[in-house]
Amino acid sequence: MSTHTDTDTEGVSIAERIVGAWELVEYSTTSDSGKVDYPLGPEARGLIIYSADGFMSAQIMRPGRAPYRSRNVHSGEISERSEAAGGYLAYSGPYRVHEDRSAVWHEMAVSLYPNWLGENQKRHVRFDGDRMTLSSDPLVFRTTTLSPALVWRRTAPRTGRTTS
């Protein structure tokens with residue numbers, strides 16, 4: 001893997017630049033009328049990780065979700081689980097980059113949203129310094145067309161942590 005800084009990326013492929021961990025800066029949708037919305041709130045938090053061996057994982061959440069009353073992760077009340085899942089988006093699986101189209105394809109091997117299982121979804125990729133924007137083709141919902149965009153900031157490299 002080549003080493004490069006975010007200010008020295010001329011000639012570096014998307015496949016090389018994308019590898020690593022990225023923190024969510026903003027998750028928004030823009031309607032065909034120009035209205036901007038934040039599906040998980042303006043302060044949504046998240047991570048997307050691309051591994052060098054071709055796998056990715058995306059996790060995005062609305063901050064401030066209420067904790068379960070139970071300490072057992074699988075024993076929340078139906079309303080608690082519904083609220084928690086409604087404020088969370090997660091999927092993982094293999095990915096592949098199309099350099100000539102400035103796109104990355106995510107294969108949904110696992111997903112919180114069951115309708116995505118087995119799907120391959122295209123994300124347009126754009127870099128600006130230490131930021132990466134992923135967007136999809138416009139999505140049509142009844143009478144509204146939405147264009148989602150997620151802006152990510154590269155995280156600082158971390159070494160494995162040890163505990164004493």
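Counting in full-length UniProt numbering, the sequence shown runs from 1 upward without gaps.
Glycine is no exception: its CB is placed at the ideal position from the N, C-alpha and C atoms.
Residue environment analysis places G93 among the buried positions, since at least 16 neighbouring C-beta atoms fall within 10 angstroms of its C-beta. The three-state reading of DSSP puts N120 in strand, counting E and B together. Taken in chain order, the whole beta strand (DSSP E) runs of length 3 or more contained in the segment 12-87 are 20-31, 45-50 and 55-61. At the C-beta level, Y95 and V104 come within 8 Å of one another.
No Cβ-Cβ contact shorter than 8 Å links T133 with V110.
Of the candidates R62, S135, R69 and H106, R62 places its Cα closest to the Cα of L89. Rounded to whole angstroms, S135 and R153 show a C-alpha spacing of 15 Å. For P94, the three-state secondary structure derived from DSSP is strand. By the 16-neighbour rule on beta-carbons within 10 angstroms, I14 is buried.
Distances from the CA of R158 to each of G11, E16, V12 and G20 were compared; the closest alpha carbon is that of G20. Of the candidates P138, L146 and F127, the residue whose Cα lies closest to the Cα of W22 is F127. When the five nearest sequence neighbours on each side are left out, the beta carbons in the same chain lying within less than 7 Å of the beta carbon of P39 are those of Y27 and T29, in order along the chain. Judged by DSSP in its simplified three-state form, D128 adopts strand. Between the alpha carbons of Q121 and R65 lies a distance of about 28 Å.
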